[in-house]
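Participant: The listed protein sequences correspond, in order, to chains A and B. Convert by adding 9 to the 1-based position in the first sequence; the result is the number in our numbering. Convert by adding 353 to the 1-based position in the second sequence; the result is the number in our numbering. Where is the CB? At the ideal position from N, CA and C, for every residue including glycine. Take this structure first; my questions come after.
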Amino acid sequence: MKYSIPKFWRRKEGYYQIILTKCRECGKVAFFTYVRCPYCGSSNVELVKSCGRGVVEEFTISYNRVEEGEEYLPKIIAIVRLNEGVRVVGELVDIDLSEVKEGVEVEAVLRRFSSDDPHGLIYYGLKFAPVIKGA
Amino acid sequence: MFRVLCVPRPESLTGIVGWGVYIPRQRVKADEIASLWGFEKTLPKALWIEEKAVASVDEDTVTMGWYAAKVAIERGNVDPELIGAVFVGTESKPYAVKPSATIIADALGISKKKLSTDMEFACRAGGEGIRLAIALVASGTIKYGLAIGSDTAQASPGDVLELTASSGAAAYLIGPAEESVAQFEGVVTYVTDTPDFWRREGSKYPTHGEIFTGEPAYFHHIMSAVKMLFDELGLAPSDFDYAVFHQPNGKFPLQVGKKLGFPKEKILPGIVTPWIGNTYNGSALIGLAKVLEQAKPGDRILVATFGSGAGSDAFSIVVRDGIGERVGRGPKVEDLLKRKKYVSYAQYAKSRRLYIRNIG
Ligand SMILES: [Zn+2]
């Protein structure tokens with residue numbers, strides 16, 4: 010599957026890190042970047058990086074065959090509640106289909122999303138994997 | 354020749370501030386590979402290789418190096434903005450041209466004002482990265498330097514290398530000695546032009562120079578580097594508590610240690626290859642991490658890398674106070690060794706793209 014190289018480059022920070030908006034007025038945190046707090050409307054907000062840890066809340070298994078992306082199938086797509094309290098959607102890796110369940114502790118890991126083989130760009134971004142014991 | 358004793362060696366101004374390791378979850382048994390390709394049943398045992406780690410289809414040198422480096426930074430509790438150099442030692446770059454180091458650095462939020470490059474010297478480029486980071490920190494050019502060794506090692510299916518060639522990464526955050534938990538006491542490197550192993554531009558898999566792989570390459574270079582280190586520091590094997598060597602298989606490090614005068618008990622704590630395979634640039638550096646995670650303040654560790662082509666870096670490292678607390682800040686090598694899922698040769702072949710697909 011062909012990605013737009015400029016689009017990927019512009020959004021790179023959001024693929025490499027989980028950026029959150031924290032409101033200095035009401036204290037709430039929202040996923041991704043806002044100039045105004047989506048809860049109270051205040052513009053007194055700051056951007057913070059998530060620690061990347063959370064738990065699986067819900068998940069689904071995707072068998073959707075994307076041309077040239079077949080080797081990544083099947084994909085587990087999960088809703089993860091981050092330790093900061095917000096919910097994000099991400100792919101779950103390093104876990105068997107039989108092991109996926111609500112409450113599994115996960116951490117964000119850098120993986121390949123896709124690659125324009127054999128000559129194009131390789132696209133990296135964060136997915137979620139079960140926390141390695143001791144981590 | 355007289356040694357000058359009153360001038361400190363520059364490397365002694367530096368030490369290991371943090372470290373991290375990554376081993377992929379999948380394992381394939383060496384017996385299965387040996388049986389599939391018609392090797393003698395006794396071969397895996399003779400090489401002391403039981404199973405090897407296999408990176409998933411979405412993992413590569415960049416993603417594994419990223420994880421190891423992330424843990425190294427967390428262990429060191431250092432602001433990524435203060436890291437002035439990122440070196441990635443690898444012989445399995447995802448891109449032939451385009452650095453892996455810049456992807457890892459950007460993804461970790463490391464300062465844009467930095468040195469950053471991928472280095473190639475078969476399995477010892479990661480060791481050279483540590484030497485460069487030491488030099489930059491010792492000279493005051495940078496405060497912290499990150500040296501990563503990461504590989505998804507390639508082996509032609511059916512080649513004896515396939516029994517061991519595996520995937521994994523290690524990262525070391527080098528900084529001022531006083532902030533470190535393991536101080537460099539001395540470092541030397543010994544390199545020559547030796548035709549033991551190579552991969553030509555455009556070749557998918559490496560080739561080995563058969564009789565050159567043992568004595569003239571691995572043993573000669575490691576022993577030369579270690580003896581040089583002993584001479585320069587006035588040390589002997591009895592002065593060391595641990596000895597870690599590059600591990601192309603489980604057998605070679607025990608043999609080279611014995612030749613140098615180390616008892617097996619000082620070598621075994623750093624052995625990892627029998628259970629994860631030869632992670633190339635990760636090999637000796639994962640062994641060192643495993644030793645750091647069990648060492649006590651005051652312990653002296655010998656580390657000798659090896660890379661074909663050929664060369665070896667020998668390091669003498671003295672463990673400092675605070676090591677135990679820093680071990681607890683991230684996953685240990687033991688945790689990563691236990692985290693595993695056995696896969697078939699077919700799954701390994703898919704994960705490492707040993708097939709040809711009609712794409713592009
Ligand atoms: Zn608000």
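Of all the options A:17, A:15, A:24 and A:14, which has the alpha carbon lying nearest to the alpha carbon of residue 136 of chain A?
Facilitator: The residue given as residue 136 of chain A occupies position 127 in the first sequence. Taking only the C-alpha atoms, the option nearest residue 136 of chain A is A:24.
Participant: My output table needs one value for residue 71 of chain A: the three-state DSSP class, helix, strand or coil.
Facilitator: For the purposes of this step, residue 71 of chain A is identified with residue 62 of the first sequence, where counting begins at 1. It is a strand residue.
Participant: Keeping to the same chain, check which residues put their C-beta closer than 6 angstroms to that of residue 456 of chain B; ignore five residues upstream and five downstream.
Facilitator: The count along the second sequence starts at 1 and reaches residue 456 of chain B at position 103. So the list reads 415, once near-sequence residues are dropped.
Participant: Report yes or no: is there a C-beta of chain A within less than 9 angstroms of the C-beta of residue 445 of chain B?
Facilitator: Start at 1 with the first residue of the second sequence, and residue 445 of chain B comes out as number 92. No, residue 445 of chain B does not count as interfacial toward chain A.
Participant: Under 9 angstroms, Cβ to Cβ, is there at least one residue of chain A near residue 456 of chain B?
Facilitator: Counting from 1 along the second sequence, the entry for residue 456 of chain B is found at position 103. So yes, residue 456 of chain B belongs to the interface.
Participant: Is the beta carbon of residue 94 of chain A within less than 8 angstroms of some heavy atom of ligand 1?
Facilitator: As a working note, residue 94 of chain A is residue 85 in the first sequence. False, no ligand heavy atom lies under 8 angstroms from that Cβ.
Participant: Between the C-alpha atoms of residue 529 of chain B and residue 496 of chain B, what's the straight-line distance to the nearest angstrom?
Facilitator: Translated into the one-based positions of the second sequence, residue 529 of chain B becomes position 176. Translated into the one-based positions of the second sequence, residue 496 of chain B becomes position 143. Taking the straight line joining both Cα atoms gives about 7 angstroms.
Participant: So, under 8 angstroms CB-CB, residue 138 of chain A and residue 116 of chain A are touching, yes? Tell me the CB distance rounded to an integer number of Å.
Facilitator: Along the first sequence, one-based indexing puts residue 138 of chain A at 129. Along the first sequence, one-based indexing puts residue 116 of chain A at 107. The Cβ separation is near 6 angstroms, so the contact holds.
Participant: Per DSSP, what kind of secondary structure is residue 512 of chain B in: helix, strand or coil?
Facilitator: As a first step, residue 512 of chain B must be located in the second sequence, where it is residue number 159. In this structure, residue 512 of chain B counts as coil in the three-state DSSP scheme.
Participant: In the DSSP assignment, what residue or residues form a beta bridge with residue 379 of chain B?
Facilitator: Along the second sequence, read from residue 1 onward, the residue named residue 379 of chain B stands at position 26. Looking at the DSSP assignment, residue 379 of chain B forms a beta bridge with B:407 and B:694.
Participant: Cβ closer than 8 angstroms: which chain B residues qualify as neighbours of residue 102 of chain A?
Facilitator: Here residue 102 of chain A refers to the residue found at position 93 when the first sequence is read from its first residue. Those within 8 angstroms of residue 102 of chain A in chain B are 409 and 411.
Participant: Report all residues for which the CB-ligand distance to some heavy atom of ligand 1 is below 6 angstroms; order them along the chain.
Facilitator: Spelled out in chain order, the answer is A:32, A:34, A:35, A:37, A:46, A:48, A:49 and A:51.
Participant: Of all the residues that make up the segment 415–427 of chain B, which are near chain A by a beta-carbon distance shorter than 7 angstroms?
Facilitator: Correct list: 415, 416, 419 and 420.
Participant: Against chain A, does residue 480 of chain B count as a neighbour if the rule is that its beta carbon must be under 9 angstroms from one of theirs?
Facilitator: Stepping through the second sequence from its first residue, residue 480 of chain B is reached at position 127. Taking Cβ atoms only, chain A never reaches closer than 9 angstroms to residue 480 of chain B, which makes this a no.
Participant: Quick one: give me the first and last residue of the alpha helix (DSSP H) that residue 397 of chain B is part of.
Facilitator: The residue labelled residue 397 of chain B in the question sits at position 44 within the second sequence. It spans 396–400 - the alpha helix (DSSP H) in which residue 397 of chain B sits, taken as one unbroken run.
Participant: Under a CB-based cut-off of 9 angstroms, is residue 29 of chain A close to chain B?
Facilitator: To locate residue 29 of chain A, count along the first sequence from 1; it is residue 20. For residue 29 of chain A, the answer is no, since every Cβ of chain B falls outside 9 angstroms of its Cβ.
Participant: Got a sec: which bits of the segment 458–474 of chain B sit with their beta carbon under 7 angstroms from any beta carbon on chain A, in order along the chain?
Facilitator: Listed in sequence order: 459, 460 and 462.
Participant: Among all the DSSP beta bridges, which residues are the ones paired with residue 551 of chain B?
Facilitator: For the purposes of this step, residue 551 of chain B is identified with residue 198 of the second sequence, where counting begins at 1. In the DSSP output, where bridge partners are listed per residue, residue 551 of chain B has B:560.
Participant: Could you tell me which residues DSSP pairs with residue 469 of chain B in its beta bridges?
Facilitator: Within the second sequence, the letter at position 116 stands for residue 469 of chain B. B:439, per the DSSP bridge assignment.
Participant: With a threshold of 9 angstroms between beta carbons, is residue 713 of chain B in contact with chain A?
Facilitator: Residue numbering aside, residue 713 of chain B sits at position 360 when the second sequence is read from its first letter. With 9 angstroms as the cut-off, residue 713 of chain B counts as an interface residue toward chain A.
Participant: Just by C-beta distance, which residues in the segment 669–684 of chain B are closer than 7 angstroms to chain A?
Facilitator: Here the close residues are 683 and 684.
Participant: So, with DSSP's three-state summary, where would you put residue 490 of chain B?
Facilitator: Counting from one through the second sequence, the residue named residue 490 of chain B turns up at place 137. It is helical.
Participant: Give the interface partners of residue 77 of chain A over in chain B, defined as CB-CB distance under 7 angstroms, in chain order.
Facilitator: Here residue 77 of chain A is taken as the residue at index 68 of the first sequence, counted from 1. Those are 712, listed as they occur along chain B.
Participant: Flag residue 378 of chain B as yes if its beta-carbon sits less than 9 angstroms from any beta-carbon of chain A, otherwise no.
Facilitator: For the purposes of this step, residue 378 of chain B is identified with residue 25 of the second sequence, where counting begins at 1. It does: the Cβ of residue 378 of chain B has a partner Cβ on chain A nearer than 9 angstroms.
Participant: Of all the alpha helix (DSSP H) runs that stay within the bounds of the segment 10–63 of chain A, which reach a length of 4 or more residues?
Facilitator: Fully enclosed alpha helix (DSSP H) runs of 4 or longer: 14–19 and 21–25.
Participant: Does any CB atom of chain B fall closer than 9 angstroms to the CB of residue 21 of chain A?
Facilitator: As a working mapping, residue 21 of chain A is identified with position 12 in the first sequence. Yes, contact with chain B.
Participant: Please report the straight-line C-alpha distance between residue 577 of chain B and residue 474 of chain B, rounded to a whole angstrom.
Facilitator: Start at 1 with the first residue of the second sequence, and residue 577 of chain B comes out as number 224. Start at 1 with the first residue of the second sequence, and residue 474 of chain B comes out as number 121. Approximately 18 angstroms between the Cα atoms of the pair.
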